[in-house]
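A short write-up of the structure that comes next.
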Amino acid sequence: MRRSAPLFRTTAGRLAVEVYRDPAHAASAAATLCLRQLRRTISARGSARIAFGGDPAPAAVFAHLILRARAGRPLPWSAVQVVPLEEFEGLEPADPRSAAARLHAQFPHALPAPHFVPLPLPDPPGAAIPDEFTPLRAGERLDLVCLEVGDQGRLGFNLPTVADFADPATVKRVALPPGLRAAGRDDSRHLPLAPAPSHGRTLSLPVLRSAHRLVALACGADRATLVRAVVQSPITTACPATMLRLHPQACLMLDLSSSTLAFPSLA
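Letter by letter, the sequence shown follows residues 73 to 339 in the numbering used here.
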């Protein structure tokens, strides 16, 4: 499938940056990029391992993938393993509020579904990832990660306060700030959690950086200052998303309103 052409394209380090008219066009283009990576990987190896973030932008990309599946666009989804990028603590895998369960619930029942894998938490911290967590067993790399650049440049729940570019963990436990706790309690994308979760777990930054392909989105005027930091500020954990500039197959997809400070000529 041909992607709609971006209004503007550039690079920041090794990171490809593309600007689209609005969030809907950015999400559609991201879905096309994801499908290309999935088809290429399945053709070469027979299966694919992907991670999706739970923020609104990757949720919109996943919705586009489902629409295309409903429209009969061929892809052997049963050969795909899907793991959530992050999860609120206190949810069992079968709980309909869990990230894996919510992704699974979106997929059409009439179609062969991907295998949705819950995100584990090693117990005790630092222990080996359970054998059933096949997407990353034995140091295997994810084929695709789709995520949103969150507040303070967080990737998943990798906030500046806990981000580590050399993190030895695969999945880490993170204390959540008030804003993310409120998201777990109140956000309409989740069935409410009571009380608000104090912790979550997330794939670590080295796991994300090792993925074969990274598709990141940052849309909306409230992301303009953040986008400028991602593409221009020093690469440090003060803004974890600056790590994207080190990845040879990463693409950051923006809309016009989020790009104006980083690229003033587009204003």
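All C-beta atoms in this analysis are idealised placements derived from N, C-alpha and C, irrespective of residue type, glycine included.
Since the structure is predicted, the reported quantities are computational estimates derived from the model, not experimental observations.
Buried versus exposed, by CB contacts within 10 Å (16 or more), Phe335: buried
Classification of His181 by the beta-carbon crowding that lies within 10 angstroms, buried from 16 upward: exposed
Three-state secondary structure (DSSP) of Ala290: strand
Candidates His284, Val302, Val299 and Leu79: closest to Gln321 by CA position: His284
Sequence-distant residues of its chain with Cβ nearer than 7 Å to Leu298 (five each side left out): Val221, Gly225 and Ala290
Whole-angstrom C-beta distance between Ser329 and Ala296, which should lie under 8 Å: 7 Å
3 or more residues per run - each beta strand (DSSP E) lying fully within the segment 116-193: 120-124, 152-156 and 158-160
Cβ shell of Pro312 (< 7 Å), same chain only, five flanking positions each side left out: Gly225, Arg226, Leu227, Asn230, Pro232, Ala235 and Leu277
Distance, Val154 Cα to Ala185 Cα: 10 Å
Residue of Ala132, Arg93, Ser119 and Arg121 minimising C-alpha distance to Ala288: Ala132
Whether Val89 touches Val303 by CB criterion (8 Å): yes
Beta bridge counterpart(s) of Met325 as assigned by DSSP: Glu90 and Leu289
Under the three-state DSSP convention, the category Thr82 falls into: strand
Which listed residue (Ser100, Arg169 and Ile122) has its alpha carbon closest to that of Leu110: Ile122
Rounded separation between Gly144 and Ala173 - CA only: 24 Å
Integer-rounded CB distance, given that Leu219 should sit under 8 Å from Pro128: Not confirmed; about 11 Å, so no contact.
For Thr274, the residue or residues it bridges with in DSSP: Glu158 and Lys244
Delimiting residues of the alpha helix (DSSP H) encompassing Leu333: Run containing Leu333: none; DSSP gives neither H nor E here.
Cα-Cα separation, Glu158 to Ala120: 19 Å
Extent of the continuous beta strand (DSSP E) run through Val395: Outside the displayed range of the chain (73 to 339) lies residue 395, so it cannot be described from this structure.
Outcome for Asp94 when other beta-carbon atoms lying within 10 angstroms are tallied against a minimum of 16: exposed
Buried or exposed by the 16-neighbour rule on C-beta atoms within 10 Å, applied to Pro78: buried
Status (buried if at least 16 other CB within 10 Å, exposed otherwise) for His97: buried
Where Leu107 falls: helix, strand or coil (DSSP): helix
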